[in-house]
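The sequence shown begins at 75 in our numbering and counts up by one. See below for the structure under consideration.
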Amino acid sequence: KLSTTLATMDDSQVLLIALLGGFRGNELYNDFMMRFLNVGAHLNEFVVGLHVCTTVKDRTSDHRGEWFTGEDLVAQAGLPMLVLEDYRAFVQREAKPVRIPTIYAVNRDGIVLHEGLCTSADLWNALGRAGQLRMHKLQALG
Numbered sequence: 075k076l077s078t079t080l081a082t083m084d085d086s087q088v089l090l091i092a093l094l095g096g097f098r099g100n101e102l103y104n105d106f107m108m109r110f111l112n113v114g115a116h117l118n119e120f121v122v123g124l125h126v127c128t129t130v131k132d133r134t135s136d137h138r139g140e141w142f143t144g145e146d147l148v149a150q151a152g153l154p155m156l157v158l159e160d161y162r163a164f165v166q167r168e169a170k171p172v173r174i175p176t177i178y179a180v181n182r183d184g185i186v187l188h189e190g191l192c193t194s195a196d197l198w199n200a201l202g203r204a205g206q207l208r209m210h211k212l213q214a215l216g
């Protein structure tokens, strides 16, 4: 799924990836999803979607409903989002996120432009880095 998504992107775009570890949701995840809802409404030409990676794909009664308000709104808005199961936590162990969630912004080449909570300022900086890398490529061509 990741390689397929990256292959459809151009150099000005980023994909967001949320690592949740052994969790399906928490308060910080919900806060991020509310930000992603706004991003999808205003920056969808530059942020192509979100992949949520967790070892717990399904919500259970152990999960608090308010942790998923943002995710439900994102789904209702029809924003591009996939919830992917990291069976046996291979991705989590490789990435070693320092907090849950850790949000990555990656460009079409798989270069990580941001790692952290992905505040609005963080996302803006990641888009700026994507633009800088795009300019370097264009300058190298000609």
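Glycine residues also receive a C-beta, built at the ideal position from the N, C-alpha and C atoms.
Cβ-based burial, residue i [other Cβ within 10 Å; buried from 16]
{"i": "I91", "result": "buried"}
{"i": "T176", "result": "buried"}
{"i": "H210", "result": "exposed"}
{"i": "A204", "result": "buried"}
{"i": "Q213", "result": "exposed"}
{"i": "F164", "result": "exposed"}
{"i": "R167", "result": "exposed"}
{"i": "A200", "result": "buried"}
{"i": "H125", "result": "buried"}
{"i": "G202", "result": "exposed"}
{"i": "W198", "result": "exposed"}
{"i": "E101", "result": "exposed"}
{"i": "E140", "result": "exposed"}
{"i": "G144", "result": "buried"}
Beta-bridge pairing of residue i - partner residues as DSSP gives them
{"i": "T128", "result": "G95 and E159"}
{"i": "V121", "result": "V88"}
{"i": "T176", "result": "L93"}
Whole-Å CB distance - residue i paired with residue j, under 8 angstroms assumed
{"i": "V122", "j": "L89", "result": "5 angstroms"}
{"i": "L94", "j": "I185", "result": "Contact flag wrong, Cβ pair sits at about 22 angstroms."}
{"i": "D85", "j": "N181", "result": "7 angstroms"}
{"i": "T87", "j": "F120", "result": "Inspection of the sequence shows that residue 87 is occupied by Gln rather than by Thr. Contact flag correct, Cβ pair sits at about 6 angstroms."}
{"i": "V148", "j": "M107", "result": "6 angstroms"}
{"i": "G114", "j": "A151", "result": "6 angstroms"}
{"i": "D160", "j": "C127", "result": "5 angstroms"}
{"i": "L187", "j": "A195", "result": "13 angstroms between Cβ atoms; not a contact."}
Unbroken alpha helix (DSSP H) run spanning residue i, endpoints
{"i": "H116", "result": "E101 to H116"}
{"i": "G144", "result": "T143 to A151"}
{"i": "L76", "result": "L76 to A81"}
{"i": "V167", "result": "Note that residue 167 corresponds to Arg in the displayed sequence, not to Val. Taken as a continuous stretch (DSSP letters only), the alpha helix (DSSP H) holding R167 covers F164 to A169."}
Element boundaries [beta strand (DSSP E), containing residue i]
{"i": "G202", "result": "Counting along the chain, G202 falls outside any beta strand (DSSP E), though it belongs to the alpha helix (DSSP H) covering S194 to L215."}
{"i": "V186", "result": "V186 to G190"}
Residue i beta carbon near the ligand ZN (any heavy atom closer than 7 angstroms)
{"i": "F97", "result": "Summarising the ligand content, the structure contains no ligands, and the ligand ZN is consequently not present."}
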